[in-house]
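Participant: Please find one structure pasted underneath; my questions will follow.
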């Protein structure tokens, strides 16, 4: 246990700005990565004793990469559902403001939560730490292991990792079927299988995921890659989530007002 | 001139709080700003939106009424350098809040600006729109 804690402390202390070193022959993915929240570019103007300052946040890690990213798989803007499920997806998106589970403080699941805020890279496993409005989940992911035979379905599933060249590939199965894997009504079944890919692009971390669900999708869907910058902004416990808006909704406007 | 300025403010107000949460336009009248002055009584630093509580005078004969204004998430405020203490320091003091009121007419709104008794203020703005 002491040895484990010591190794944890060493790795944690090195996990700062994600220097481009290698760990056990593999790229070093450890570090603290930019917090991104899906907000429009609103700034905070603070006026103190007559002097105003304006500050905004960098939400780039939450959005598709603006340019081509080396190593990325071909992506599509939206998943293709089997014909018998397309009406259901349309109905969910038409009523998204009232039906999206995350609007009721539910957990976003994988891959909707996006890349972790903090990656701790150990020789035989990864620890992913997240900050989210619904809470702050963690994942402990063995490298080279097998999926559990008797695990219960969960929001963040059962993960095992392997290296594919310089890319960490995380295979995730055994999900509950109540999450959406994208905000536009992207429901799934208990057969969802997510493949996440992480690699370095210079100082940045690249994240891309492929979702397959043979029960509801016509074909696997690969999202656009996201490029996440290193950060010096440490993690902080998220306050509790208390939904209070649903009763005030008077129409079905999409939250993006589309 | 005053009408032009009012129009500019309305334009900013109309385009501000489009959040990654329930639809803003389904809940709030983003075309108009409502101003409420009163005593700050409580600050809830909760997800998905912080909430401030204001005790203000209601319409004639209504006596004191309790308003609630939500705003951006705690994580957002943290990243723009604002903590709960920046609001809570004014508990018990007079403040003026500007925001978009709930469409259902309840005493609820989306906080866009809070001005403290000493004139200091916090305001949600579109980058560049205030210059």
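Residue numbers (my numbering), protein chains in the order written: chain A, 208 to 465; chain B, 152 to 282. Built from N, CA and C at the ideal position, the CB exists for glycine as well.
On a CA-only basis, which of 312(A), 377(A), 297(A), 292(A) is nearest residue 415(A)? Give me that one, please.
Facilitator: Ranking the options by Cα distance to residue 415(A), first place goes to 377(A).
Participant: From residue 358(A) to residue 365(A), what does the alpha carbon distance come to, in whole angstroms?
Facilitator: Computed Cα separation, rounded: 8 Å.
Participant: When you check each C-beta in the stretch 442-463 of chain A against every C-beta of chain B, which residues fall closer than 8 Å?
Facilitator: Per Cβ criterion, the list reads 443, 445, 446, 447, 448, 449, 450, 451, 452, 453, 455, 456, 457, 458, 459, 460, 461, 462, 463.
Participant: On the CB-based measure, 16 or more other CB atoms within 10 Å of its CB, does residue 321(A) come out buried or exposed?
Facilitator: With 16 or more Cβ atoms within 10 Å of its Cβ, residue 321(A) is classed as buried.
Participant: Mind listing, in chain order, the continuous beta strand (DSSP E) runs of no fewer than 3 residues lying wholly within the stretch 422-465 of chain A?
Facilitator: Runs found: 433-435.
Participant: Select from the stretch 248-276 of chain A all residues with a C-beta closer than 8 Å to any C-beta belonging to chain B, and list them in chain order.
Facilitator: Correct list: 248, 249, 250, 251, 252, 253, 254, 255, 256, 257, 259, 261, 262, 263, 264.
Participant: Contact between the stretch 261-274 of chain A and the stretch 423-432 of chain A: three or more CB pairs below 8 Å?
Facilitator: Touching, yes.
Participant: Just checking residue 445(A) against the ligand ZN - is the residue's beta carbon closer than 6 Å to any of the ligand's heavy atoms?
Facilitator: No copy of the ligand ZN occurs in the structure displayed, which carries no ligand at all.
Participant: Figure out for me which residue from 455(A), 263(A), 448(A), 454(A) has the closest Cα to the Cα of residue 309(A).
Facilitator: Measuring from the Cα of residue 309(A), the nearest candidate turns out to be 448(A).
Participant: Output the boundary residues of the alpha helix (DSSP H) element that contains residue 226(B).
Facilitator: It spans 225-230 - the alpha helix (DSSP H) in which residue 226(B) sits, taken as one unbroken run.
Participant: Between residue 328(A) and residue 408(A), which are expected to be in contact by the criterion C-beta below 8 Å, what is the C-beta distance as a whole number of angstroms?
Facilitator: The pair is not a contact, with the Cβ atoms about 17 Å apart (cut-off 8 Å).
Participant: Output yes or no for whether 7 Å exceeds the beta carbon distance between residue 362(A) and residue 392(A).
Facilitator: Against a cut-off of 7 Å, the Cβ pair of residue 392(A) and residue 362(A) comes out as no contact.
Participant: How should residue 174(B) be labelled, buried or exposed, when 16 other C-beta atoms within 10 angstroms of its C-beta is the threshold for buried?
Facilitator: The residue is buried, with at least 16 neighbouring Cβ atoms inside 10 Å.
Participant: Note the first and the last residue of the continuous alpha helix (DSSP H) segment covering residue 306(A).
Facilitator: That run of the alpha helix (DSSP H) goes 303-306.
Participant: Starting from the beta carbon of residue 299(A), find every residue of chain B whose beta carbon is closer than 9 Å, and list them in chain order.
Facilitator: Under the 9 Å cutoff, chain B gives no residues; its nearest Cβ is about 14 Å from residue 299(A).
Participant: Tell me the DSSP bridge mates of residue 235(B)?
Facilitator: Answer is none; residue 235(B) lacks a bridge partner.
Participant: Does any C-beta atom of chain A lie closer than 7 Å to the C-beta of residue 252(B)?
Facilitator: Chain A, which has no Cβ nearer than 7 Å to the Cβ of residue 252(B), makes this no.
Participant: Going along the chain, which residues of the stretch 234-245 of chain A sit with their C-beta nearer than 7 Å to a C-beta in chain B?
Facilitator: From the stretch 234-245 of chain A, only 242, 244, 245 have a Cβ closer than 7 Å to chain B.
Participant: With distances taken Cα to Cα, identify the nearest neighbour of residue 278(B) among 232(A), 253(A), 441(A), 426(A).
Facilitator: That would be 253(A), whose Cα lies nearest to the Cα of residue 278(B).
Participant: Using a C-beta cutoff of 7 Å, does residue 320(A) count as contacting chain B?
Facilitator: False, the Cβ-Cβ gap to chain B never drops below 7 Å.
Participant: For residue 266(B), does the count of other Cβ atoms within 10 angstroms reach 16, so buried, or fall short, so exposed?
Facilitator: Label assigned to residue 266(B): buried.
Participant: To the nearest angstrom, how far is the alpha carbon of residue 245(B) from that of residue 200(B)?
Facilitator: In a straight line, the C-alpha of residue 245(B) is about 22 Å away from that of residue 200(B).
Participant: Does chain A have any CB closer than 7 Å to the CB of residue 255(B)?
Facilitator: Judged by the 7 Å Cβ criterion, residue 255(B) is in contact with chain A.
Participant: With a cut-off of 8 Å, do at least 3 Cβ pairs link the stretch 178-197 of chain B to the stretch 232-240 of chain A?
Facilitator: Judged by Cβ distances under 8 Å, the stretch 178-197 of chain B makes no contact with the stretch 232-240 of chain A, as fewer than three pairs qualify.
Participant: Quick check on the burial criterion: 16 or more other C-beta atoms within 10 angstroms. Buried or exposed for residue 426(A)?
Facilitator: Answer is exposed; the Cβ neighbour count stays below 16.
Participant: List the endpoints of the continuous beta strand (DSSP E) containing residue 220(B).
Facilitator: Taken as a continuous stretch (DSSP letters only), the beta strand (DSSP E) holding residue 220(B) covers 215-221.
Participant: Which residues, in chain order, does the stretch 179-190 of chain B contribute to contact with chain A at a C-beta distance below 7 Å?
Facilitator: From the stretch 179-190 of chain B, no residue has a Cβ closer than 7 Å to chain A.
Participant: Can residue 239(A) and residue 325(A) be called in contact, C-beta distance under 7 Å?
Facilitator: Their beta carbons are under 7 Å apart, which means residue 239(A) touches residue 325(A) by this criterion.
Participant: Does any residue of chain A have a CB that is nearer than 7 Å to the CB of residue 227(B)?
Facilitator: Cβ-Cβ to chain A under 7 Å: yes for residue 227(B).
Participant: In chain order, what residues of the stretch 334-349 of chain A put their CB closer than 7 Å to some CB of chain B?
Facilitator: Residues passing the 7 Å Cβ filter: 338, 340.
Participant: Using beta-carbon positions only, say whether residue 250(B) and residue 220(B) come within less than 7 Å of one another.
Facilitator: For residue 250(B) and residue 220(B), yes; Cβs fall inside 7 Å.
Participant: Quick one: give me the first and last residue of the beta strand (DSSP E) that residue 204(B) is part of.
Facilitator: Its beta strand (DSSP E) spans residues 202-208.
Participant: Would you say residue 253(B) and residue 460(A) are within 7 Å of each other, going by their C-beta atoms?
Facilitator: No, these two residues do not count as a Cβ contact at 7 Å.
Participant: For a contact meaning CB atoms closer than 8 Å, what does residue 197(B) contact in chain A?
Facilitator: 446, 447, 448, 449, listed in chain order.
Participant: Select from the stretch 262-273 of chain B all residues with a C-beta closer than 9 Å to any C-beta belonging to chain A, and list them in chain order.
Facilitator: Listed by position, the residues of the stretch 262-273 of chain B near chain A (Cβ gap below 9 Å) are 264, 266, 269, 270, 271, 272, 273.
Participant: Between residue 289(A) and residue 424(A), how many whole angstroms is the CB-CB distance? I'm expecting something under 8 Å.
Facilitator: Rounded, the Cβ-Cβ distance is 7 Å, consistent with contact.
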